[in-house]
Amino acid sequence: MASEKKSQNDHGKLLALLLFVGAGALVLMSMGPEEKRTAGQAPASVKSEKFEKNVNKHLMLTNENIEMQRRRMEIENARSNGDFNSTKAQATYEAPSGGVDLSTDSRASDVARELGRGDRQEDQPMNPHEVIQKELFNQQQNAEYTQAYKEEYARQFVENARRGGYKVILDDQYRVKQVVPLRRDTAGEGSGEMFDVTSGLAR
1 MASEKKSQND
11 HGKLLALLLF
21 VGAGALVLMS
31 MGPEEKRTAG
41 QAPASVKSEK
51 FEKNVNKHLM
61 LTNENIEMQR
71 RRMEIENARS
81 NGDFNSTKAQ
91 ATYEAPSGGV
101 DLSTDSRASD
111 VARELGRGDR
121 QEDQPMNPHE
131 VIQKELFNQQ
141 QNAEYTQAYK
151 EEYARQFVEN
161 ARRGGYKVIL
171 DDQYRVKQVV
181 PLRRDTAGEG
191 SGEMFDVTSG
201 LAR
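The opening position of the sequence shown corresponds to residue 1 in the working numbering, with each subsequent residue numbered one higher.
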């Protein structure tokens, strides 16, 4: 087994050596004599000279364009400076005659007014009596709204306390008057204490 591996290694080395020598021979044949090398380099130098000429020509044209634009801007600035201080009379607006209807379409505002979303319009200016009546009406509406809000808030407060296991009793000003636990504690099962918030003591 060892001899087979050794012979395979020798064959591999020999093959690599032959490939290296063959590649070297191909490179030497492709290079050829010195005269061919200089002839091959001449077109490259000609190409580089043409390239340089084209680049130089392009740079010159670009410089000329930039210079022309700069001069044009200077001329325009000089002209505009003369016009800057002078004032010209402006023509007044004249409405075009005929053909154009500039009236607004009132259909959208009519629909909004029918739906109660239109602009508020006061029919007549109000006299002092109407102003006072309007203020009294607004105060009454605000008081009714505030009362309804307090009642609903108190109802929700009592309901949330009941869900939490307490019965809450409120007075007329919606202040907590009494709190009674609904669930009985295991330690004080028979006590049934009732808490009076105003005195802070258990009865």
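Idealized CB from N, CA, C, for every residue including glycine.
Note that the structure is a prediction, hence the values are computed from the model and not measured.
Assuming L136 is part of the alpha helix (DSSP H), what are its boundary residues? Membership of L136 in the alpha helix (DSSP H) is indicated by the continuous run P128 to R163.
Classify L170 as helix, strand or coil using the three-state DSSP reduction. Under the three-state reduction of DSSP, L170 is assigned to strand.
If you drop the 5 nearest sequence neighbours on each side, which residues of the same chain put their C-beta closer than 7 Å to that of E35? With a pLDDT of 46 at E35, under the threshold of 50, the modelled position of that residue is not reliable, and no figure is offered here.
Which residues share a DSSP beta bridge with P181? Beta-bridge pairing links P181 to Y166.
When you compare only the Cα positions, how much space is there between A161 and H129? Taking the straight line from one Cα to the other gives about 48 Å.
Does the distance from the CB of L170 to the CB of V158 come in under 8 Å? Yes; because the gap between Cβ atoms is below 8 Å, this pair is in contact.
Taking DSSP's pairing of strands, which residues face V176 in a bridge? L170, per the DSSP bridge assignment.
Could you tell me the distance, in whole angstroms, from the CA atom of R71 to the CA atom of T62? Roughly 14 Å between the two C-alpha positions.
What are the boundary residues of the alpha helix (DSSP H) that A108 is part of? Per DSSP, A108 is one residue of the alpha helix (DSSP H) stretching across R107 to E114.
Please report the straight-line C-alpha distance between Q8 and V21, rounded to a whole angstrom. Answer to the nearest angstrom: the Cα atoms are 20 Å apart.
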